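Protein sequence lines, in the order shown, are assigned to chains A and B. Just so we're aligned: 42 in our numbering is position 56 of the first sequence, and the numbers increase by one with no gaps anywhere. Just so we're aligned: 87 in our numbering is position 101 of the second sequence, and the numbers increase by one with no gaps anywhere. All residues carry an ideal CB built from backbone N, CA and C; glycine is no exception. Fair warning: this is a prediction, and the values are worked out from it, not measured in the lab. Quick notes on the structure that follows.
Number of protein chains: 2
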Amino acid sequence: MTTTRASRPRRKRAGQYHHGDLRRALIEQALRVIESTGAEALTLRGVGAALGVSRTALYRHFADKEALLAAVASEGFRLLRAALVEGWEQNGRGTAGFEAMGAAYLRFAIGHPAHYRVMFGRFVESGVRDPGLEVESESAFGALVDALTTLQRDGLARADDALLQARFVWAVTHGIAMLVIDGQLRGGDEDAAALNRYAAERLRQALSAEPAPASPR
Amino acid sequence: MTTTRASRPRRKRAGQYHHGDLRRALIEQALRVIESTGAEALTLRGVGAALGVSRTALYRHFADKEALLAAVASEGFRLLRAALVEGWEQNGRGTAGFEAMGAAYLRFAIGHPAHYRVMFGRFVESGVRDPGLEVESESAFGALVDALTTLQRDGLARADDALLQARFVWAVTHGIAMLVIDGQLRGGDEDAAALNRYAAERLRQALSAEPAPASPR
DNA sequence: ACCTGAACACCGTTCAAGT
DNA sequence: ACCTGAACACCGTTCAAGT
């Protein structure tokens, strides 16, 4: 029971705890578990064990499990926004940029299905949320509103209420993402790609700035 | 320790168990809990207690909790299909019927959000499912495909691949339902109604049988 | 401040046993 | 066949205690 440091089962620096930034490490470990085995399989005990801390250390940084998931969701919206903005800006901020945005959205959702589900599925209740979550979510949506506003200004999209138009576009894209993620398209990647193409065409027609052909009276 | 029947803690008929159809009672009780407090709050012990049976009685009828949820989901698709078909048939099997179908879909999802989430959320894994689930799900989707096929035949919708077209329409409607259910439209009912109206207009334009106006060269 | 270990009140599921 | 009670191996969370 002397302080011979060779016999300690786990090496720990004296006077310093495990992490410089345990909060950050907890979010990253949670995300790692979620991406590899799904959010349902996430246990706080497992996260603590993987990081070499006690299973209650987490409560110094998060009120409860939901607060940790809210932080993970918030991180997701930040990444999603970055992907959307990149697609838009790297492709000319016009029609091509808009379609690149849609492709980036689906690539994110399909590439990180478990993360995407934490962002939208009801893992995070409507009650007390991460203060940043609402902000990040609004910010990602804002990128879409901005793009549509620009398209409208340049005569490339119908001059409707931009917020309403953005919600419609979001619903279409979100709906496709969810169907693909949930495996409702039994053809797999092939069918998903075909649906993406078809949806892009129909959306172009639906948002076309040109007046709809006169009804046959 | 004699068999005085007055001292028994719970009255039970001799020679008869609790239910004529425990399986059915379990599904209905599970649905009751889900609709009132959400699927996350569903516990097998609670279901058993509410029905006055032991918490393991359930395993005579379902392999596990997921199998019970699959049965609940299957029931949901049956109800959804009935609502869709009614909207279509009671409104003339034309454009009006098609829009009534969409309205019925959203009414079902928004009226039974927890049930809807069990049908689509990842409560039921892609692995072993209720044999009826896939069938019921396909059947509900089939109602949509049939309606679109009819519209195409009558020149009321673009003559695209009906399956692909149906998937697109489904994605739009599913996307709206999910955004509303998940509380992403902060305006509440007002905003949801406005989005529904706008989406119906855009969808009409997107599926219009008339050729799109010639592009400006 | 930050972390620990023990304890509490739950879960789903298994299993030997009863009728 | 259908149901039961005890037991097992988990959970998230709380709390007094350590440094």
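Assigned exposure category for B/D175 - 16 Cβ within 10 Å defines buried: Here residue 175 of chain B refers to the residue found at position 189 of the second sequence. B/D175 should be labelled exposed.
From A/V166, A/T136, A/G32, residue whose alpha carbon lies closest to that of A/R41: Walking along the first sequence from the start, residue 41 of chain A turns up at place 55. Checked all of A/V166, A/T136, A/G32; the closest Cα to A/R41 is A/G32.
For B/L70 and B/L130, believed in contact at Cβ under 8 Å, the rounded distance: Position 144 of the second sequence holds residue 130 of chain B. Position 84 of the second sequence holds residue 70 of chain B. The Cβ separation is near 7 Å, so the contact holds.
B/A90 burial status per 10 Å Cβ neighbour count (16 or more: buried): Stepping through the second sequence from its first residue, residue 90 of chain B is reached at position 104. Its Cβ being crowded by 16 or more others within 10 Å, B/A90 is buried.
CB contact check: B/D50 to chain A, cutoff 7 Å: Position 64 of the second sequence, counted from the start, is the residue given in the question as residue 50 of chain B. Closer than 7 Å: no.
Own chain, CB closer than 7 Å to A/A95, minus 5 neighbours either side, in chain order: To locate residue 95 of chain A, count along the first sequence from 1; it is residue 109. Same-chain partners within the cutoff: Y102, A163, I167.
Own chain residues within Cβ distance below 8 Å of B/A145, not counting five before or after: Working through the second sequence from its first residue, we reach residue 145 of chain B at position 159. Same-chain partners within the cutoff: Q138, A195.
Any 3 or more C-beta pairs closer than 8 Å across the segment 119 to 126 of chain A and the segment 54 to 73 of chain A: yes
Burial state of A/T23, where buried means 16 or more other Cβ atoms lie within 10 Å: What you label residue 23 of chain A is simply residue 37 of the first sequence in a count that begins at 1. With fewer than 16 other Cβ atoms within 10 Å, it is exposed.
Straight-line gap, A/K51 to A/I20 (C-alpha atoms, nearest Å): Position 65 of the first sequence, counted from the start, is the residue given in the question as residue 51 of chain A. Position 34 of the first sequence, counted from the start, is the residue given in the question as residue 20 of chain A. For A/K51 and A/I20, the distance between alpha carbons rounds to 13 Å.
Per-residue burial, A/R188 [other beta carbons within 10 Å of its own, 16 or more giving buried]: Reading the first sequence from its first residue, position 202 is the one you call residue 188 of chain A. Buried.
Run of the alpha helix (DSSP H) containing B/S125, from where it starts to where it stops: Taking the second sequence and counting its residues from 1, the one referred to as residue 125 of chain B is at position 139. Here the alpha helix (DSSP H) through B/S125 covers 117 to 139.
Bounding residues of the alpha helix (DSSP H) (the contiguous stretch that carries A/Q170): To locate residue 170 of chain A, count along the first sequence from 1; it is residue 184. Taken as a continuous stretch (DSSP letters only), A/Q170 belongs to no alpha helix (DSSP H), as it is neither H nor E.
Cβ neighbour criterion (16 or more within 10 Å) applied to A/Q76: Here residue 76 of chain A refers to the residue found at position 90 when the first sequence is read from its first residue. Around the C-beta of A/Q76, fewer than 16 other C-beta atoms lie within 10 Å, and the residue is accordingly described as exposed.
Simplified DSSP state of B/H98, which is helix, strand or coil: Counted from its first residue, the second sequence places residue 98 of chain B at position 112. If DSSP states are grouped into helix, strand and coil, B/H98 belongs with coil.
Close beta carbons around B/A185, own chain, < 7 Å, minus the five adjacent residues each side: For the purposes of this step, residue 185 of chain B is identified with residue 199 of the second sequence, where counting begins at 1. So the qualifying residues of the chain are V158, I162.
Integer-rounded CB distance, given that A/L8 should sit under 8 Å from A/A43: To locate residue 43 of chain A, count along the first sequence from 1; it is residue 57. To locate residue 8 of chain A, count along the first sequence from 1; it is residue 22. A/A43 to A/L8, Cβ: 7 Å. Contact.
Below-7 Å beta-carbon distance, A/L92 vs any chain B residue: Residue numbering aside, residue 92 of chain A sits at position 106 when the first sequence is read from its first letter. Cβ-Cβ to chain B under 7 Å: no for A/L92.
Contact with chain A by B/Y102, beta-carbon distance below 7 Å: Taking the second sequence and counting its residues from 1, one reaches residue 102 of chain B at position 116. Not closer than 7 Å to any Cβ of chain A, the Cβ of B/Y102 fails to qualify, so no.
Buried or exposed (CB count within 10 angstroms, at least 16 for buried), B/D116: Indexing the second sequence from 1 puts residue 116 of chain B at position 130. Buried: at least 16 other Cβ atoms inside 10 Å.
B/T81 and B/L30 closer than 7 Å at C-beta: The residue you call residue 81 of chain B lines up with position 95 of the second sequence. The residue you call residue 30 of chain B lines up with position 44 of the second sequence. No, the Cβ-Cβ distance between B/T81 and B/L30 is not below 7 Å.
B/A56 versus B/V104, B/A179, B/Y45, residue with shortest Cα-Cα distance: Counting from one through the second sequence, the residue named residue 56 of chain B turns up at place 70. Ranking B/V104, B/A179, B/Y45 by Cα distance to B/A56 puts B/V104 first.
The segment 35 to 49 of chain A: positions lying closer than 8 Å to chain B by Cβ: none
Cα-Cα separation between B/G173 and B/N182, rounded to whole angstroms: Position 187 of the second sequence, counting from 1, holds the residue named residue 173 of chain B. Position 196 of the second sequence, counting from 1, holds the residue named residue 182 of chain B. The alpha-carbon of B/G173 is positioned some 13 Å away from that of B/N182.
Contact under 7 Å by Cβ, B/Q191 with A/A192: The residue you call residue 191 of chain B lines up with position 205 of the second sequence. The residue you call residue 192 of chain A lines up with position 206 of the first sequence. Cβ atoms of B/Q191 and A/A192: closer than 7 Å.
Status (buried if at least 16 other CB within 10 Å, exposed otherwise) for B/G38: Counting from 1 along the second sequence, the entry for residue 38 of chain B is found at position 52. B/G38 should be labelled exposed.
7 Å Cβ cutoff met for A/F109 and A/A25: Taking the first residue of the first sequence as position 1, residue 109 of chain A is located at position 123. Taking the first residue of the first sequence as position 1, residue 25 of chain A is located at position 39. Result yes, Cβ atoms of A/F109 and A/A25 sit closer than 7 Å.
Whether A/G73 touches A/A86 by CB criterion (7 Å): Within the first sequence, numbered from 1, the residue matching residue 73 of chain A stands at position 87. Within the first sequence, numbered from 1, the residue matching residue 86 of chain A stands at position 100. For the 7 Å CB-CB criterion, A/G73 and A/A86 form a contact.
Residue-chain proximity (B/R96, chain A), Cβ-Cβ < 7 Å: The count along the second sequence starts at 1 and reaches residue 96 of chain B at position 110. Residue identity differs from the one stated: residue 96 of chain B is Ile in this sequence, not Arg. No, B/I96 lies away from the interface with chain A (no Cβ there is under 7 Å from its Cβ).
Burial state of A/R153, where buried means 16 or more other Cβ atoms lie within 10 Å: Working through the first sequence from its first residue, we reach residue 153 of chain A at position 167. With 16 or more other Cβ atoms within 10 Å, it is buried.
Short CB-CB distance (under 7 Å) between A/A192 and chain B: Within the first sequence, the letter at position 206 stands for residue 192 of chain A. With 7 Å as the cut-off, A/A192 counts as an interface residue toward chain B.
Any chain B beta carbon closer than 7 Å to A/R188: By 1-based counting over the first sequence, the position of residue 188 of chain A is 202. At least one CB atom of chain B sits nearer than 7 Å to the CB of A/R188.
Own chain residues within Cβ distance below 7 Å of B/G34, not counting five before or after: As a working note, residue 34 of chain B is residue 48 in the second sequence. These residues qualify, in order along the chain: S40, R41, A43, L44.
Contact list for the segment 130 to 146 of chain A against chain B, Cβ threshold 8 Å: D146
Test: A/L181 CB closer than 7 Å to a CB of chain B: Here residue 181 of chain A refers to the residue found at position 195 when the first sequence is read from its first residue. Yes, its Cβ sits closer than 7 Å to a Cβ of chain B.
Closer than 7 Å to chain A by CB, B/G161: For the purposes of this step, residue 161 of chain B is taken as residue 175 along the second sequence, with counting starting at 1. For B/G161, a Cβ of chain A is located within less than 7 Å of the residue's own Cβ.
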